[in-house]
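A.B. asks:
There are 2 protein chains.
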Amino acid sequence: MITTSDIVLGANAERSRSHNRGMVLGQIRLAGRIGRADIARASGLSIQAVSNITSDLLEDGLIVDRGRGTAGRGHPPVLYALNPDGGYAIGVEIRPDAIFAGILNLCGETIASERWSLESTDRDTITQTLLRLRDHIVTKAGISERKLLGAGVVMPGPFGATGLSDSESDLPGWEDVAPGRWFAEHLGMPVLVENDANAAAMAERISGIAQSLDTFAFLYFGRGLGLGVIANGRLMAGAFGNAGEIGHIPVPCAGRTVPLESVVSRLSVQRALQQQGIDAPSTADLDRLFAAGDPVLMTWLDTAAEPLSAAITILENLFDPETVILGGALPQSILEHLVGRIRLSGRSVSERADRLHPRLMTGASGRLTATLGAAALVINQAFVPKIADLP
Amino acid sequence: MITTSDIVLGANAERSRSHNRGMVLGQIRLAGRIGRADIARASGLSIQAVSNITSDLLEDGLIVDRGRGTAGRGHPPVLYALNPDGGYAIGVEIRPDAIFAGILNLCGETIASERWSLESTDRDTITQTLLRLRDHIVTKAGISERKLLGAGVVMPGPFGATGLSDSESDLPGWEDVAPGRWFAEHLGMPVLVENDANAAAMAERISGIAQSLDTFAFLYFGRGLGLGVIANGRLMAGAFGNAGEIGHIPVPCAGRTVPLESVVSRLSVQRALQQQGIDAPSTADLDRLFAAGDPVLMTWLDTAAEPLSAAITILENLFDPETVILGGALPQSILEHLVGRIRLSGRSVSERADRLHPRLMTGASGRLTATLGAAALVINQAFVPKIADLP
DNA sequence: CTTGAATGCTCAATACAGTTGAGTTAATCG
DNA sequence: CGATTAACTCAACTGTATTGAGCATTCAAG
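The listed protein sequences correspond, in order, to chains A and B. The first sequence begins at 3 in our numbering and counts up one residue at a time. The second sequence begins at 3 in our numbering and counts up one residue at a time.
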């Protein structure tokens, strides 16, 4: 991800305002409907300040008046909520063979989605295809281009040449360019670039099961296995933007030590099926096989449970998340089976009586998870305070 | 750690100032000696704003004028540096059998340290002992109490009752109290509470080998094995303050899968030695055995290398840190031997050509690492922007 | 039903902190 | 030696948030 977003450090009047605007929007998102006095209490700002900011937001169409509150005595508050039509974000996922795109509104609802095939992955082809795809999907969604907040782009990681680079999954022709800047220039809007797992994790936070969670880990079944960690509401990116490569950690499996994604991933189950002559290229295929109780698939699930459980113990003890979420390009049925099947270790910091959420949950599934997550990255930007801080 | 520090969200004039002060101090610390124009460029503030802030800091005695710069043409800048005497922090480490304390100055230099035995771990005994110890060490260091910025306290984790709770290492009598608030009230100063590994990691950043690193992982050899992760200059705490319990993750060792700290920790080496009738309670004992090439110790080192290497691969792929640092209550000689002995996996996001630092390094070692780290937590506060942000 | 307390909110004045623009000083370069 | 570059200061300005007075609306107690 090459940490694009300009890291601004000092606070001044302008940046304070933008910071507070993001905060107020975040509070409104979190609460659903909320009055100004409550926002002020939650944010440590004066009522007057919140009042000024909300009237700005109202004028900009980002929030709407949603009636009066009732509880208790005293003057009932005016309640505000996000305006779904207040802004939109495009999400784009670039794969070696296709481009996926989707549009999310400010409330995180999907407005449109598309899949276009790619003949080549060179920069020109991708850029031209993307421009046409953008126009197409914006028209299809019937929204005004002015209301686009930006675009999120998901590309195969890891970024830069690392020990995990792998010509099969990487995009040739993109090694020597910063994709964030490239797309920002060509699309003419702010662009965030992330890997699939991080984007999918953000989707859970914006419109999924993790809307009220600040610290969680998301295990993403893509081609391999990815991890997105959100800590205190922020994506954990790592020094070079490559954090979360969980697929490559060594885990025990049937007495041996193997890389996690060699036994727990979409590719691994498809390989296991193929060895028995079963072809299951799509998520729907897998769903069908699962519903039919296919023995090869069931055996794979049994085998995968142990290393997956080990991986979750590792995640819990290293990150101490509120929960671990399983999602991505496997059918919901299989994800749910895995969640039910896995015996979580008792030797974990996550084994505590005062938990508010289960240790393991299923999140969004299906092929579009990462694409919509890319858009969620942009939507999230609106809700996050802007004064970045580095020591 | 019970995330004490009041999480303020909104920005106003007062908080902006304090934020910018922290930022400017952080820049000065990072650079060593720096002029106002450079600070302005690094922070995105105007020269005038930086000028106002530095003159405040100068007046408060936090920084000092350190002559003029020379390079290039134009008016040479006035260079500022941290004033070591500008402030002090007390670090305290509470163990079941003793209290350690140390004092650090603003530059992270150790001014004094002490070890006092404990007869009991009940709240009263510890609190009373701590108050006397504080007075004693402040007198010994010969500093003014007014210049104390606060205290950092290291206590055995994990915090709260979890699946890892273990009556042998926990402190009885502290389950139902928030230690941060308790100590803040009784010591009459701001208090930060952390576990040993996190504190030690912060020590590396304030006065150790990681002074210019923003994202790194610190493997801490205490009783067991702990992990402190600093990401973007902040400690990664986890949802319940228990992140970094790396000692309990499953790793392969000699064909079996075991909890990491059962084979890689001070306790594990001491147990191995004891089984052969060798008693080595202190760090110095271990150093002596290592220098003598003791065969039991050497065998243990050989055995530990494989699981430790696996753990480092996990850390690298999950956190993508700039480096991994080994430190804590083992002699420097053994840490260095381990760093040299470990064969790092090539299948890691950290295996990249453009690295600025080695993948594995040794940090501070010895019994006081965590104690001084506790003080470093407080010193660090001075250097960090204050506008906290939660979405 | 009246009165008072509690609560949400507005308006106008104020304060704080950073920015801007016009100098001043001090070094290097040609 | 003059032109140029760069750091810095001074004073006026601007943007945001805060403060305090006051109004509106609701509930509850008498």
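Every residue, glycine too, gets a C-beta built ideally from N, C-alpha and C. Remember, it's a predicted structure, so these values are computed and weren't measured experimentally.
1. What's the call for B:T301, buried or exposed, on a 16-neighbour Cβ count within 10 Å?
2. Give, in chain order, every unbroken run of the beta strand (DSSP E) that is at least 3 residues long and sits entirely within the stretch 296-384 of chain A.
3. Please compile the residues from chain A whose C-beta is within a distance smaller than 7 Å of the C-beta of B:V156.
4. At the 7 Å Cβ level, is A:E187 part of the contact set with chain B, yes or no?
5. For B:M238, collect the residues of the same chain with a Cβ closer than 6 Å to its Cβ; drop the 5 residues on either side in sequence, then sort them by chain order.
6. Give me the residue from B:G144, B:T72, B:L370 with the minimum Cα distance to B:S284.
7. At a Cβ cut of 9 Å, what residues of the stretch 243-269 of chain A count as close to chain B, listed as they run along the chain?
8. Keeping to the same chain, check which residues put their C-beta closer than 7 Å to that of A:N85; ignore five residues upstream and five downstream.
9. Residues in the same chain with beta-carbon distance under 7 Å from A:A213, minus the five sequence neighbours each way, listed in chain order, please.
10. Starting from B:M25, find everything on chain A with Cβ-Cβ shorter than 7 Å and list it in chain order.
11. At a CB-CB cut-off below 7 Å, which residues of chain A make contact with B:P283?
12. Would you say A:I381 lies against chain B (beta-carbon separation less than 7 Å)?
13. Quick one: residues in its chain with C-beta nearer than 8 Å to the C-beta of B:T259, no 5 flanking neighbours on either side, listed in chain order?
14. Kindly indicate which three-state DSSP category B:D87 falls into: helix, strand or coil?
15. Should the stretch 208-227 of chain A be regarded as contacting the stretch 173-182 of chain A, the criterion being three or more beta carbon pairs within less than 8 Å?
16. Which same chain residues, not among the five before or five after A:L379, have their C-beta less than 7 Å away from its C-beta?
17. What would DSSP say about A:E16, mapped onto helix, strand or coil?
18. With a cut-off of 7 Å, does the C-beta of A:G375 fall near any C-beta of chain B?
19. Does B:V351 get closer than 7 Å to chain A when you measure Cβ to Cβ?
20. List the residues of chain A whose Cβ lies closer than 8 Å to the Cβ of B:N22, in chain order.
21. For B:H138, which residues in the same chain have their Cβ closer than 8 Å to its Cβ, ignoring the five residues on either side in sequence?
22. For the stretch 36-48 of chain A, list every residue whose C-beta sits within 7 Å of some C-beta in chain B, in sequence order.
23. Would A:I389 pass as an interface residue toward chain B - the criterion being a Cβ-Cβ separation below 7 Å?
24. What's the gap between the Cα of B:I280 and the Cα of B:F220?
25. Whole angstroms is fine: what's the gap from A:K388's alpha carbon to B:I55's?
26. Does any residue of chain A have a CB that is nearer than 7 Å to the CB of B:I316?
27. Unbroken beta strand (DSSP E) runs of length 3 or more, entirely within the stretch 110-170 of chain A: which are they?
28. Along chain B, in chain order, which residues have C-beta atoms closer than 7 Å to that of A:F321?
29. Is B:C338 close to chain A, meaning its C-beta is less than 7 Å from at least one C-beta of that chain?
30. In whole angstroms, give me the CA-to-CA distance for A:H188 and B:A114.
31. Any C-beta of chain A sitting closer than 7 Å to the C-beta of B:S18?
32. Is it buried or exposed for B:T141, if we count other Cβ within 10 angstroms and need 16 for buried?
33. For B:R225, which of helix, strand or coil comes out of DSSP?
34. Would you please verify whether the beta carbon of A:P86 is less than 7 Å from any beta carbon of chain B?
35. Would you please verify whether the beta carbon of A:A1 is less than 7 Å from any beta carbon of chain B?
36. To the nearest whole angstrom, what separates the beta carbons of B:A293 and B:S352, a pair I think is in contact under 8 Å?
C.D. replies: Taking the geometry as given:
1. Mapped onto the second sequence, residue 301 of chain B falls at position 299. Flag for B:T301 reads exposed.
2. You should have 325-330, 362-367.
3. The count along the second sequence starts at 1 and reaches residue 156 of chain B at position 154. Contacts between B:V156 and chain A, judged by CB atoms closer than 7 Å, are missing: the closest CB pair is about 17 Å apart.
4. Against the first sequence, residue 187 of chain A aligns to sequence position 185. Under the Cβ criterion of 7 Å, A:E187 is not counted among the residues facing chain B.
5. The residue labelled residue 238 of chain B in the question sits at position 236 within the second sequence. Closer than 6 Å at Cβ, skipping near neighbours: V231, A245.
6. Reading the second sequence from its first residue, position 282 is the one you call residue 284 of chain B. Comparing Cα positions, the closest option is B:L370.
7. Under the 9 Å Cβ criterion, the stretch 243-269 of chain A contributes G243, N244, A245, G246, E247, I248, G249, H250, I251, P252, V253, P254, G257, R258, T259, P261.
8. Taking the first residue of the first sequence as 1, we reach residue 85 of chain A at position 83. Closer than 7 Å at Cβ, skipping near neighbours: G63, L64, I65, V66, L108.
9. In the first sequence, the residue the question calls residue 213 of chain A occupies position 211. It is Gln, not Ala, that sits at residue 213 of chain A in the sequence shown. Counting only Cβ-Cβ distances below 7 Å, and skipping sequence neighbours, we find R207.
10. Position 23 of the second sequence, counted from the start, is the residue given in the question as residue 25 of chain B. Near B:M25 (Cβ distances below 7 Å), the residues of chain A are L11, G12.
11. The sequence position of residue 283 of chain B within the second sequence is 281, counting from 1. Residues of chain A whose Cβ lies closer than 7 Å to the Cβ of B:P283 do not exist, since the nearest Cβ in that chain is about 27 Å away.
12. Here residue 381 of chain A corresponds to residue number 379 of the first sequence, with the count starting at 1. With a threshold of 7 Å between beta carbons, A:I381 makes no contact with chain B.
13. Along the second sequence, read from residue 1 onward, the residue named residue 259 of chain B stands at position 257. Taken in chain order, the residues that qualify are P252, V253.
14. In the second sequence, counting from the first residue as 1, residue 87 of chain B sits at position 85. The answer is helix: DSSP assigns B:D87 an H, G or I state.
15. Touching, no, given that fewer than three Cβ pairs across the two stretches are closer than 8 Å.
16. Taking the first sequence and counting its residues from 1, the one referred to as residue 379 of chain A is at position 377. So the list reads G154, L194, E196, A201, M204, once near-sequence residues are dropped.
17. Working through the first sequence from its first residue, we reach residue 16 of chain A at position 14. If DSSP states are grouped into helix, strand and coil, A:E16 belongs with the helices.
18. The residue labelled residue 375 of chain A in the question sits at position 373 within the first sequence. By the rule that beta-carbons nearer than 7 Å mark a contact, A:G375 does not touch chain B.
19. For the purposes of this step, residue 351 of chain B is identified with residue 349 of the second sequence, where counting begins at 1. Residue-level contact by beta carbon holds for B:V351 and chain A, with a gap shorter than 7 Å.
20. Along the second sequence, read from residue 1 onward, the residue named residue 22 of chain B stands at position 20. The contacting residues are G12, A13.
21. Along the second sequence, read from residue 1 onward, the residue named residue 138 of chain B stands at position 136. Its chain contains E116 as the residues whose beta carbon lies nearer than 8 Å to that of B:H138, once the 5 sequence neighbours on both sides are disregarded; these appear in chain order.
22. Within the stretch 36-48 of chain A, the qualifying residues are S45, G46, L47.
23. For the purposes of this step, residue 389 of chain A is taken as the residue at position 387 of the first sequence. Interface residue, yes.
24. As a first step, residue 280 of chain B is located in the second sequence; it is residue number 278 there, counting from the start. As a first step, residue 220 of chain B is located in the second sequence; it is residue number 218 there, counting from the start. Distance between the alpha carbons of B:I280 and B:F220 is about 29 Å.
25. For this step, residue 388 of chain A is matched to residue 386 along the first sequence. For this step, residue 55 of chain B is matched to residue 53 along the second sequence. So the two alpha carbons sit approximately 22 Å from each other.
26. Numbered from 1 along the second sequence, position 314 holds the residue referred to as residue 316 of chain B. True, the Cβ-Cβ gap to chain A drops below 7 Å.
27. Listed in chain order, they are 112-119, 150-156.
28. Position 319 of the first sequence, counting from 1, holds the residue named residue 321 of chain A. Here the neighbours are G240, A245.
29. Here residue 338 of chain B is taken as the residue at index 336 of the second sequence, counted from 1. In the sequence as displayed, the identity of residue 338 of chain B is Glu instead of Cys. Cβ-Cβ to chain A under 7 Å: no for B:E338.
30. In the first sequence, residue 188 of chain A corresponds to position 186, counting from 1. In the second sequence, residue 114 of chain B corresponds to position 112, counting from 1. Taking the CA atoms as reference points, A:H188 sits about 59 Å from B:A114.
31. Translated into the one-based positions of the second sequence, residue 18 of chain B becomes position 16. Yes, its Cβ sits closer than 7 Å to a Cβ of chain A.
32. Against the second sequence, residue 141 of chain B aligns to sequence position 139. Label assigned to B:T141: exposed.
33. Here the question's residue 225 of chain B lines up with position 223 in the second sequence. Note: B:R225 maps to coil in three-state DSSP.
34. Here the question's residue 86 of chain A lines up with position 84 in the first sequence. Closer than 7 Å to the CB of A:P86 there is not a single CB belonging to chain B.
35. Nothing can be reported for residue 1 of chain A, as the shown portion of chain A is limited to 3 through 393.
36. Taking the second sequence and counting its residues from 1, the one referred to as residue 293 of chain B is at position 291. Taking the second sequence and counting its residues from 1, the one referred to as residue 352 of chain B is at position 350. By a beta-carbon distance limit of 8 Å, B:A293 does not contact B:S352. Their separation comes to about 31 Å.
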